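Undergrad: Below are the structure tokens for one structure; questions will follow.
Protein chains: 2
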Amino acid sequence: MTKRGVSTAARLQLVTGRLMRMFRRHGAAGLSASQISALATIEEWGSLRMSSLATHESLVAPAATRLVGALEERGLIQRCADPADGRAALVSLTPEGSATLEALRHARVVGIETRLATLSAAERQVLERALPILERLAQP
Amino acid sequence: MTKRGVSTAARLQLVTGRLMRMFRRHGAAGLSASQISALATIEEWGSLRMSSLATHESLVAPAATRLVGALEERGLIQRCADPADGRAALVSLTPEGSATLEALRHARVVGIETRLATLSAAERQVLERALPILERLAQP
DNA sequence: TATTGTTATACTCTATAACTATA
DNA sequence: TATAGTTATAGAGTATAACAATA
């Protein structure tokens, strides 16, 4: 509790939504936020099952199917049969996917970069300390 | 630049998307994130024009119209003609809207509260210091 | 029978374009 | 003519339900 007795959780939810809409407006051409996020998760794990991807992305199975389908069509990821379980599919990045992700990490996020530049060094430091915490909160 | 040379902006975008999807899953019954966010903005300003609301919520005019329409149907906000300009409409909270918002601020956010509880005091402090910065970044 | 993933369908949110009314 | 807002339409993203294949 800090501001007007408003809970941290409530403020976090509000600011998350607003940042999300901002990112959408100045969106990265070509790939949606969900698609980029999925690519990042797949890269992190190397190769993982559809169900794991769904969990990590806070998605339901059919949504993961669709997301992966779109990324596969673009040649950014590939689906392989899991040798250990005939029902399961394993997804992994293609070299193109890996390169795309790396490029995005540097070229992206036009609108927000400008705003970040207006922060003081101290504020920026606070933000960078908070990022790992946020990332942990966002984990499944 | 901190983690693997990845820009703060890129990490912020990723984590924002993931938190957003998490919030949606354990969503607050009844009102969407956008609706709650709009209510909060309207409360902050007391009364404002559709166009201002759209700007502050990073929305385009028709999206604001729809959002306001939904909130009006529920009796949470009201639309009045701007006495100074016959074209403009002013939106403001009804007592119901005000009460709903206040209730949400405390009752909401089931999933994330649990996670926040797992943070150390120091981590929580970093997060609370970062919130105002994030809120500033999310401003129009 | 339980689990993994897909297909079918519907809903929400948001955008662009065209329109109405007032300035 | 320019501005504020609405209506009409389209697209992206995600959910639930029903299904197929494998364990």
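So the protein sequences, as listed, match chains A and B.
Each step along the first sequence adds one to the number in our numbering, with nothing skipped, and position 64 is 281.
Each step along the second sequence adds one to the number in our numbering, with nothing skipped, and position 5 is 222.
Ideal placement from N, C-alpha and C gives every residue a C-beta, glycine not left out.
Note that the structure is a prediction, hence the values are computed from the model and not measured.
Could you pull out every residue in the same chain whose Cβ sits closer than 7 angstroms to the Cβ of Thr311/B, ignoring the five residues on either side in sequence?
TA: Position 94 of the second sequence, counted from the first residue, corresponds to residue 311/B. Gly292, Leu293, Ile294 and Gln295.
Undergrad: Mind pulling the beta strand (DSSP E) runs of 3 or more residues that sit fully within the region 239 to 294 of chain A?
TA: Listed in chain order, the complete beta strand (DSSP E) runs (minimum 3 residues) inside the region 239 to 294 of chain A are 264 to 266.
Undergrad: Determine whether the Cβ of Arg228/B lies closer than 7 angstroms to any Cβ atom of chain A.
TA: Along the second sequence, read from residue 1 onward, the residue named residue 228/B stands at position 11. True, the Cβ-Cβ gap to chain A drops below 7 angstroms.
Undergrad: Measuring straight from C-alpha to C-alpha, what distance separates Ser224/A and Leu336/B?
TA: Here residue 224/A refers to the residue found at position 7 when the first sequence is read from its first residue. Here residue 336/B refers to the residue found at position 119 when the second sequence is read from its first residue. For Ser224/A and Leu336/B, the distance between alpha carbons rounds to 15 angstroms.
Undergrad: Taking the beta carbon of Thr258/A as the centre, do at least 16 other beta carbons fall within 10 Å, making it buried, or is it exposed?
TA: As a working note, residue 258/A is residue 41 in the first sequence. Burial call: buried.
Undergrad: By a C-beta neighbour count over all protein chains shown, 10 Å radius and 16 as the cutoff for buried, is Gly314/B buried or exposed?
TA: Start at 1 with the first residue of the second sequence, and residue 314/B comes out as number 97. With 16 or more other Cβ atoms within 10 Å, it is buried.
Undergrad: Pull up the DSSP beta-bridge partners for Leu318/A, would you.
TA: For the purposes of this step, residue 318/A is taken as the residue at position 101 of the first sequence. Answer by DSSP bridge pairing: none, since Leu318/A is not bridged.
Undergrad: State buried or exposed for Arg322/B, treating a residue as buried only when at least 16 other CB atoms are found within 10 Å of its CB.
TA: Your numbering for residue 322/B matches position 105 in the second sequence. Answer is buried; the Cβ neighbour count reaches 16.
Undergrad: Taking the straight line between their C-alpha atoms, what separation do you get for Glu345/A and Arg353/A?
TA: In the first sequence, the residue the question calls residue 345/A occupies position 128. In the first sequence, the residue the question calls residue 353/A occupies position 136. For Glu345/A and Arg353/A, the distance between alpha carbons rounds to 13 angstroms.
Undergrad: Using a threshold of 7 angstroms, state whether the C-beta atoms of Cys297/B and Leu307/B are closer than that.
TA: Counted from its first residue, the second sequence places residue 297/B at position 80. Counted from its first residue, the second sequence places residue 307/B at position 90. Yes, the Cβ-Cβ distance between Cys297/B and Leu307/B is below 7 angstroms.
Undergrad: Going by DSSP, what residues sit across from Ser309/B in a beta bridge?
TA: Stepping through the second sequence from its first residue, residue 309/B is reached at position 92. DSSP lists Ser264/B and Gln295/B as partners of Ser309/B.
Undergrad: Look up Leu336/A in the DSSP assignment and say whether it is helix, strand or coil.
TA: Taking the first residue of the first sequence as position 1, residue 336/A is located at position 119. Note: Leu336/A maps to coil in three-state DSSP.
Undergrad: To the nearest angstrom, how far is it from the Cα of Ser249/A to the Cα of Ala287/B?
TA: The residue labelled residue 249/A in the question sits at position 32 within the first sequence. The residue labelled residue 287/B in the question sits at position 70 within the second sequence. If I take the Cα positions, the gap works out to 27 angstroms.
Undergrad: With C-beta atoms as the reference, is Arg228/A less than 7 angstroms away from Leu348/B?
TA: Taking the first sequence and counting its residues from 1, the one referred to as residue 228/A is at position 11. Taking the second sequence and counting its residues from 1, the one referred to as residue 348/B is at position 131. Yes, these two residues count as a Cβ contact at 7 angstroms.
Undergrad: Residues of chain A with CB under 7 angstroms from Leu270/B, in chain order?
TA: Along the second sequence, read from residue 1 onward, the residue named residue 270/B stands at position 53. Neighbours of Leu270/B on chain A: none; closest Cβ ~13 angstroms, over 7 angstroms.
Undergrad: Please list, in chain order, the chain A residues whose beta carbon lies closer than 9 angstroms to that of Arg283/B.
TA: Taking the second sequence and counting its residues from 1, one reaches residue 283/B at position 66. Within chain A, no residue comes near Arg283/B; the closest Cβ sits about 14 angstroms away, beyond 9 angstroms.
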